[in-house]
Amino acid sequence: MGSNIKTDSASETLYGIAELAEAHGVSQRTIRFYEDKGLISPRRVGGQRVYTEHDSKRLSLILRAKSIGTKLSDIRTFLELYGREGEGRVRQLEFVIEKTAAEIEALEAKKRQIDQTLAELKLIHDGARERLGRRRG
DNA sequence: ATTCTTACA
DNA sequence: TGTAAGCA
């Protein structure tokens, strides 16, 4: 455990925004921003935000999703389905399948575009090099 | 000193 | 998201 500030009756480790931010390597602004987007809902004590271990793990999931290019709006949907049972699980998986499939398609399309451009550039490159070669010798 | 909100870059 | 401002 870290140097957390408070502990409730159930001995649950709690964090202040400063600790949470440092622990995850993000700014406090980022954490508040995600809250604004409905991704995290910390409880408040005298107006100040208090985060639980659960919130911390949730933030980890958010950062992971973001790192692979997931839009915050999709992360929110994913989180809303997360932790549910039965039907929720199914919808959770269906959502993941749908989104990953779309992302894969998008990336493959970009890859084709890049490959195409790459081929054109190589053609131009070789052509120029060829002409320069003839001019010299 | 720290956090919070709001607003602008 | 960073940064700044004005509070509590």
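Using the UniProt record's numbering, read the first sequence as starting at 1 and increasing by one per residue. Idealized CB from N, CA, C, for every residue including glycine.
Quick one: grab the DSSP three-state call for residue i.
| i | result |
| --- | --- |
| V26 | coil |
| R44 | strand |
| G133 | helix |
| A18 | helix |
| L63 | helix |
| Y34 | helix |
| R49 | strand |
Excluding five sequence neighbours on each side, which residues of the same chain lie with their C-beta closer than 6 Å to the C-beta of residue i?
| i | result |
| --- | --- |
| G2 | Residue confidence is low: G2 scores 43 on pLDDT, short of 50, so the model does not pin down where it sits. No coordinate-derived value is stated. |
| H24 | L59 |
Please classify residue i as buried or exposed, where buried requires at least 16 neighbouring CB atoms within 10 angstroms.
| i | result |
| --- | --- |
| A109 | exposed |
| A65 | buried |
| A128 | exposed |
| D126 | exposed |
| A101 | exposed |
Does the distance from the C-beta atom of residue i to that of residue j stay below 9 Å?
| i | j | result |
| --- | --- | --- |
| Y34 | L59 | yes |
| L123 | R76 | no |
| L72 | K99 | no |
Give me the Cα-Cα distance between residue i and residue j, rounded to the nearest whole angstrom.
| i | j | result |
| --- | --- | --- |
| D74 | G47 | 29 Å |
| E103 | S67 | 13 Å |
| R135 | E120 | 23 Å |
| R131 | I114 | 26 Å |
Whose C-beta lies closer than 7 Å to the C-beta of residue i among residues of the same chain, with five residues either side of it excluded?
| i | result |
| --- | --- |
| L53 | At residue 53 the sequence reads Glu, which differs from the Leu that was named. For E53, where only same-chain residues beyond five positions count, the Cβ hits under 7 Å are E12 and T13. |
| R43 | V50 |
| Y82 | Q92 |
Please list, in chain order, all residues of the same chain as residue i whose beta carbon is under 8 Å from its beta carbon, the five residues on each side excluded.
| i | result |
| --- | --- |
| V96 | F78 |
| S56 | Y15, L20, A23 and H24 |
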